[in-house]
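Q: After the C-alpha cells below, expect a handful of questions from me.
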Amino acid sequence: MSTLDDKINEINRLAIQITKDNDDDRLMNLSIGPQHPGSGHFRIVIKVDGDYIVYADPDIGYVHRGEEKMSEHRNFIQNIPHLERPVIHDSTNIIYSYSLAIEELIGINPPRRGQFVRAIAAELDRLVYTTYWLAIYGIFLGHSTMFMWPTGDRELIIDLLERMTGHRVTHAFSVPGGVRNDIPYNFKEKCLTQINYFEKRLKEYEDIFYNNPLLRQRTEGVGIMNKEDAIKLGVTGSVLRASGVPYDIRKVEPYDVYDEIDFKVQYMKSCDTFARAYVPYLDMKESCHIIRQLLDKMPDEGSVREKIVGNVKAQPGETYRRVESGRGALGYYIISDGSTKPYRLKISTGSFRNILALPFLLVGSKLGDMPAIYWALNYWPIEADR
Amino acid sequence: MENKDNSFGQLIDTSKDLDNKITSNIIKSAIQNFNQKIQLVYEKPNRSKIFVNNESLVEVALFLRNTYGLDHVESMSGTDFPAENEIEINYHLGSYINQDLHPYILNLATRVDRENAKSNSLINIFPSVEYFERETYEMLGVYFVGHPRNEPFLLPEDWADLPPLRKDFKLKGR
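Chains as they are written, first to last, in numbering that gives the first Met the number 0: chain F, 0 to 385; chain P, 0 to 173.
And the structure:
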C-alpha cells in the first residue's frame, strides 16, 4: 500500500533523477591557445561553470627548444646568442646573470666602466620589454591607444640600444667580462634627451590608461593574491611586489654597480590585478631615474671589457647568480667540470615561477576577467618554455 | 658513511665580503639537529650547499622552512652524473619572510640512483616546487613520490625517447 507521501517521494526521486545536474555535463571545457592572438605561445585548459572558472591548467611548452641541453654542447661565448632568444626584448637582462655566473666561474672582474654600460643597457632593455608588455596589456583590454603609444615610444629606446649595440633586439651585448663594445660618441646627451621625453610620456600613460575608469573597473579587486599566498607560491618580480613584498634583487643582492645607485623598491599593498599592472609602470619610472644616475656616475675613460679567449676553461665548481629582469628574478645555476663548456646549465626564469599563480588566480573568477589576470602576471611564454 | 661531495670540488670566492653570521648559524644548527644526515659541501658569501640523504630530505626541508623561514624555491634542477650512476637534485631555497636572508640562497642537494630514480617530493613543504618537479621528472626521469602529477609538461605529447637532460641523450651533429 502506498500512501500519498510515498507517491510524492517517488515522484521527487524520479524528478531529481531526470533533472539531476551532472557536474561533467554542466561544466564546459575551453582550450585557449596556443595560437590564440592573446595568449602568446601558450595554452590553458579551463573549465567554466556558467561564467565562473572552476578549473584551470596551464599547458606550457609549445615553444620549448631545449636551451639547457643546447648549452651543454657550446662553449661559454657561443652560448650567448641562443640563450638570449627566450626574451628577445629583454635580452641584456637574460644574459646579464649568465655573464655574472661565468665571470665567477672563470674568475674575472669586468672593468668599472663596463659595469656601468652593462647596467645602462639592462635598464634600457627593461624599458623596452615593459613598454611592449604594456602595449599588449592595452590591446588585451580593448584600449587600442595604449597599444599605439608604448609601441611608438619603444622605438626611441630601441634607437638608443641600436646606437649602443648595433642591434634593435637580441643585442648579445653583455658578455662575460663586461660588454661587447663601448658606447658611441655623444650617447650620453642623446640618452638623456630620450629619457626625459619618455618620462613625460609616462605621465600621459597614467592619465589615459591607469586612471581610466574602465581599466580600474576591470582590474581593481580582481584576482586577489594576498601576501601569504604570494610567498607560498614563490612568485617573483612585479607579481610579488604587487602583493606587498618589497623584494627586488637589485636592492637585496646588488650586483655590479647597483649598490651605488639610489632607488626605491616599488611595491603596492592592494594585491589585486591593478597592482600587478601598475607595479611595472612604477618600475619604468624608477628605471629612468636609475639610468640618469648611471649616466652621471659612469667614468668617462677606461675599457669596457676584460677579454677572454673563446674557448676559455672555467674552474670546476658551481654557481648560482641572479638578476632582476623585467619579469622578476632570473637565475642561472651553472655546474662546471673544468672544461670549456658548462656541464649543466639551469635557467630559473620569472615567467616559469609566476605561471604557477595563474590557476590559483583564475579559479573562482569570471571568464571575462581572464585576459586581465593573465597578462598582468607579466608572463612571457617563450621564457617559461626555454 | 660514504662521501658524496660535489665531485668537482670547491669554487674560488670572488664575491664581495658580506656578513656570514646568520647563514653559518643555519648550517651549524642544521648539522647539529641532523648530525649524520647532513654534509656541508661549501659555504660562500650568500650561498651555501648542503648534501642530504634522500630519506631525510623532507624532514630537513621542513626544519629549514619552519626554523629559518626559507619559504620558497628559487630554482630546482637535476643533474645527471653517469660516471657515478647517480642523479643529483638541487633545491635552491630562498626566503621572503626573513629579511636577513633576502640575499641568501641555500642549495639543498640530494642524490638518487640513476637506474631507479625516485625521490621524495617537497610539494607539501614548498608549493612553489610544483612545476619545477614536473620539469625534472620529464627532463631527467626522476619520479617524485607524493607529487600529484608526474606527467609530461614541456616536451611534445608524443615524446618517446630518453629524458633529454640525461647525458646519454645525444644531440644530432654534436
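In this text, a Cβ means the ideal position worked out from N, Cα and C, and glycines have one as well.
(1) Quick one, are the C-beta atoms of Glu129 of chain P and Leu153 of chain P less than 9 angstroms apart?
(2) Under a three-way DSSP split, which group does Lys19 of chain F fall into?
(3) Within the 9 angstroms Cβ cut-off, does Ser120 of chain P reach chain F?
(4) For Leu39 of chain P, return the contacting residues in chain F, with the cut-off set at a CB-CB distance below 9 angstroms.
(5) Report the start-end ranges of each beta strand (DSSP E) in the segment 305 to 367 of chain F that is 3 residues or longer and not cut off at the edges.
(6) Here's the rule I'm using: 16 or more other beta-carbon atoms within 10 Å means buried, otherwise exposed. How should His71 of chain P be labelled?
(7) Would you give the residue range spanned by the beta strand (DSSP E) that Thr109 of chain P belongs to?
(8) Is there a C-beta anywhere in chain F that falls below 9 angstroms from the one on Asn5 of chain P?
(9) Quick one: give me the first and last residue of the beta strand (DSSP E) that Leu239 of chain F is part of.
(10) Would you please verify whether the beta carbon of Glu259 of chain F is less than 9 angstroms from any beta carbon of chain P?
(11) Output the distance between the C-alpha atoms of Ile194 of chain F and Leu107 of chain P, rounded to the nearest integer angstrom.
(12) How far does the alpha helix (DSSP H) with Pro380 of chain F in it extend, from its first residue to its last?
(13) In the DSSP assignment, the alpha helix (DSSP H) including Lys68 of chain F goes from what residue to what residue?
(14) Give the residues of chain F in contact with Asn149 of chain P, contact being defined as C-beta atoms less than 8 angstroms apart.
(15) If you scan the segment 67 to 96 of chain P from start to end, which runs of the beta strand (DSSP E) of 3 or more residues do you find wholly inside it?
(16) Quick one: what's got a C-beta closer than 7 angstroms to Gln265 of chain F's C-beta in the same chain, skipping five residues either side?
(17) Which runs of the alpha helix (DSSP H) spanning at least 4 residues fall entirely within the segment 83 to 115 of chain F, listed in chain order?
(18) I want to check one thing, is the minimum distance from the CB of Gly140 of chain P to the heavy atoms of the ligand MN below 8 angstroms?
(19) So that I know if they touch, is there some Cβ in chain P lying closer than 9 angstroms to that of Thr18 of chain F?
(20) Please state whether DSSP places Pro57 of chain F in a helix, a strand or coil.
(21) Determine the direct distance from the alpha carbon of Ala274 of chain F to that of Tyr54 of chain F, and round the result to whole angstroms.
(22) Would you grab the beta carbon distance between Gly337 of chain F and Lys312 of chain F for me? Rounded to a whole angstrom, and I think it's under 8 angstroms.
(23) What is the DSSP secondary structure of Asn119 of chain P, reduced to helix, strand or coil?
(24) Pop quiz: Leu191 of chain F and Leu355 of chain F are said to be a contact at Cβ under 8 angstroms. What is the actual Cβ separation, rounded to whole angstroms?
(25) For the segment 359 to 376 of chain F against the segment 216 to 223 of chain F, are there 3 or more C-beta pairs whose distance is under 8 angstroms?
(26) Note down the Cα distance separating Lys19 of chain F from Ile31 of chain F, rounded to an integer number of angstroms.
(27) So, for Leu133 of chain F: in the same chain, excluding its five sequence neighbours on each side, which residues have a beta-carbon less than 6 angstroms away from its beta-carbon?
(28) I need the boundaries of the beta strand (DSSP E) containing Val44 of chain F, first residue and last residue.
(29) Note down, in chain order, each residue of its chain lying with its Cβ closer than 7 angstroms to the Cβ of Gly316 of chain F, except the 5 sequence neighbours on either side.
(30) By the 8 angstroms beta-carbon criterion, what residues does the segment 333 to 354 of chain F contribute toward chain P?
(31) Are the CB atoms of Gly325 of chain F and Val86 of chain F nearer to each other than 9 angstroms?
(32) Classify Leu159 of chain F: buried if its beta carbon has 16 or more other beta carbons within 10 angstroms, exposed otherwise.
(33) What residue ranges within the segment 27 to 59 of chain P form continuous beta strand (DSSP E) runs of no fewer than 3 residues, ordered along the chain?
(34) Find out if the Cβ-Cβ distance for the pair Arg64 of chain F, Arg385 of chain F is shorter than 9 angstroms.
(35) Distance check for Lys340 of chain F and Asp99 of chain P, CA to CA, integer angstroms please.
(36) Going by DSSP in three states, Glu138 of chain P sits in which element: helix, strand or coil?
A: Inspection of the coordinates gives the following:
(1) No.
(2) For Lys19 of chain F, the predicted structure reports a pLDDT of 49, less than 50, and the residue's modelled location is therefore unreliable. The matter cannot be settled from this model.
(3) Output row for Ser120 of chain P: interface = no.
(4) When 9 angstroms is used as the limit between beta carbons, Leu39 of chain P is near no residue of chain F, the shortest such separation being about 14 angstroms.
(5) Runs found: 316 to 324, 327 to 335 and 341 to 347.
(6) Burial call: buried.
(7) Per DSSP, Thr109 of chain P belongs to the beta strand (DSSP E) from Ile104 to Asp112.
(8) Because the pLDDT at Asn5 of chain P is just 39, under 50, the model does not fix this residue reliably, and the point stays unresolved.
(9) First-last for Leu239 of chain F: Gly236 to Arg240, but that is the alpha helix (DSSP H), not the beta strand (DSSP E).
(10) False, the Cβ-Cβ gap to chain P never drops below 9 angstroms.
(11) Taking the CA atoms as reference points, Ile194 of chain F sits about 43 angstroms from Leu107 of chain P.
(12) Start and end: Pro380 to Asp384.
(13) Unbroken alpha helix (DSSP H) run through Lys68 of chain F: Glu66 to Ser70.
(14) Result: empty, since nearest Cβ-Cβ is about 15 angstroms, beyond 8 angstroms.
(15) Uninterrupted beta strand (DSSP E) stretches at least 3 residues long and entirely within the segment 67 to 96 of chain P occur at 71 to 80 and 85 to 93, given in chain order.
(16) Cβ within range, chain order: Arg240, Val278, Leu281, Asp282 and Glu285.
(17) If we require 4 residues or more, the alpha helix (DSSP H) runs fully inside the segment 83 to 115 of chain F come out as 90 to 105.
(18) The model depicted lacks the ligand MN and carries no ligand whatsoever.
(19) Any reading at Thr18 of chain F must be qualified, since the residue scores a pLDDT of 48, below 50, and its modelled position is unreliable; the value itself is stated next. No, Thr18 of chain F lies away from the interface with chain P (no Cβ there is under 9 angstroms from its Cβ).
(20) DSSP places Pro57 of chain F in the strand class (E or B) of the three-state scheme.
(21) If you draw a straight line from the Cα of Tyr54 of chain F to the Cα of Ala274 of chain F, it is about 24 angstroms long.
(22) Confirmed, about 6 angstroms.
(23) Under the three-state reduction of DSSP output, Asn119 of chain P falls in the strand class.
(24) 40 angstroms between Cβ atoms; not a contact.
(25) Because the criterion of three Cβ pairs below 8 angstroms is met, the segment 359 to 376 of chain F and the segment 216 to 223 of chain F touch.
(26) Reliability of the predicted coordinates at Lys19 of chain F is poor, the pLDDT of 49 falling under 50, and no value is obtained from them.
(27) Excluding residues within five positions, the ones whose Cβ falls inside 6 angstroms are Pro149.
(28) Start and end: Arg42 to Asp48.
(29) Excluding sequence positions up to five before and after Gly316 of chain F, its CB lies within less than 7 angstroms of the CB of Leu104 and Ser335, all in the same chain and listed in chain order.
(30) Of all residues in the segment 333 to 354 of chain F, those with a C-beta nearer than 8 angstroms to a C-beta of chain P are Ile334, Ser335, Asp336, Gly337, Tyr342, Arg343, Lys345, Ser347, Phe351, Arg352 and Ile354, reading in chain order.
(31) By the CB criterion at 9 angstroms, Gly325 of chain F and Val86 of chain F fall inside the cutoff.
(32) Buried.
(33) Taking only runs of at least 3 residues, the beta strand (DSSP E) segments lying wholly in the segment 27 to 59 of chain P are 37 to 43 and 46 to 51.
(34) Between Arg64 of chain F and Arg385 of chain F, the C-beta spacing is below 9 angstroms.
(35) Here the alpha carbons of Lys340 of chain F and Asp99 of chain P stand approximately 35 angstroms from one another.
(36) The residue asked about is misnamed: residue 138 of chain P is Met in this sequence, not Glu. In the structure shown, the three-state DSSP call for Met138 of chain P is helix.
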